[in-house]
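So for the sequence shown, this note's numbering puts the first residue at 636; every next one is plus one.
C-beta: ideal position from N, C-alpha, C; glycine also.
One structure below.
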Amino acid sequence: MLINLNKIILIIFFLTLITNSFAGDLKLGKETAQTICASCHGLDGVSSSAGNSALIPNITAQDKGYLVSRLKDYKSGKIEHPQMSLIAQMLSEEDIENVSEWYSSIIIKIELPQ
Numbered sequence: 636m637l638i639n640l641n642k643i644i645l646i647i648f649f650l651t652l653i654t655n656s657f658a659g660d661l662k663l664g665k666e667t668a669q670t671i672c673a674s675c676h677g678l679d680g681v682s683s684s685a686g687n688s689a690l691i692p693n694i695t696a697q698d699k700g701y702l703v704s705r706l707k708d709y710k711s712g713k714i715e716h717p718q719m720s721l722i723a724q725m726l727s728e729e730d731i732e733n734v735s736e737w738y739s740s741i742i743i744k745i746e747l748p749q
């Protein structure tokens with residue numbers, strides 16, 4: 636029984652390490668979003684065009700994995716866009732994780748009319 640408990644504790648420890656290595660830093664993500672992303676996408680993820688443009692989509696509460704994937708695709712040249720390809724080149728892998736963490740963490744509040 637003691638051996639099984641030790642194995643379980645060891646597994647939990649490694650899972651925690653793995654999970655934390657994929658977690659972005661919200662504070663750094665917000666700072667990156669403010670300095671690089673906000674002029675088009677807004678700090679809250681609502682684009683300057685209010686989502687009425689295919690060129691500048693809203694990214695509020697978008698799935699983190701999707702954001703990471705898209706930014707990496709822009710950075711690698713897999714997806715080309717006049718602005719995003721250049722901007723993604725400026726982002727480190729850590730920046731991509733952090734800014735994706737920031738935008739995916741935004742909670743959308745919807746109020747129904749009375």
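- [ ] Report the rounded CA-to-CA distance for I671 versus P748, giving the unit in angstroms.
- [x] 35 Å
Task: Nearest candidate by alpha-carbon position, reference N733, set V681, G677 and G700 - done: G700
TODO: Can you have a look at D730 and say buried or exposed, based on whether 16 or more other CB atoms are within 10 angstroms of its CB?
DONE: buried
TODO: Compare the beta carbon distance of G680 and I691 with 8 Å and say whether it is the shorter of the two.
DONE: no
TODO: Have a look at E746, S740 and I745 and flag the residue whose alpha-carbon is nearest the alpha-carbon of G659.
DONE: S740
Task: Minimum C-alpha distance to G664 - residue among S682, S684 and L702 - done: L702
Open item on the list: On the DSSP letters alone, give me the boundaries of the alpha helix (DSSP H) that C672 sits inside.
Closed with: That residue, C672, is in no alpha helix (DSSP H); it is neither H nor E in DSSP.
- [ ] In the DSSP assignment, find the unbroken alpha helix (DSSP H) run with Q724 in it and report its ends.
- [x] Where Q724 is concerned, the enclosing alpha helix (DSSP H) stretches over M719 to M725.
TODO: Please confirm whether A673 and I742 have their CB atoms less than 8 Å apart.
DONE: no
Task: Backbone CA spacing between E666 and E736 [nearest angstrom] - done: 12 Å
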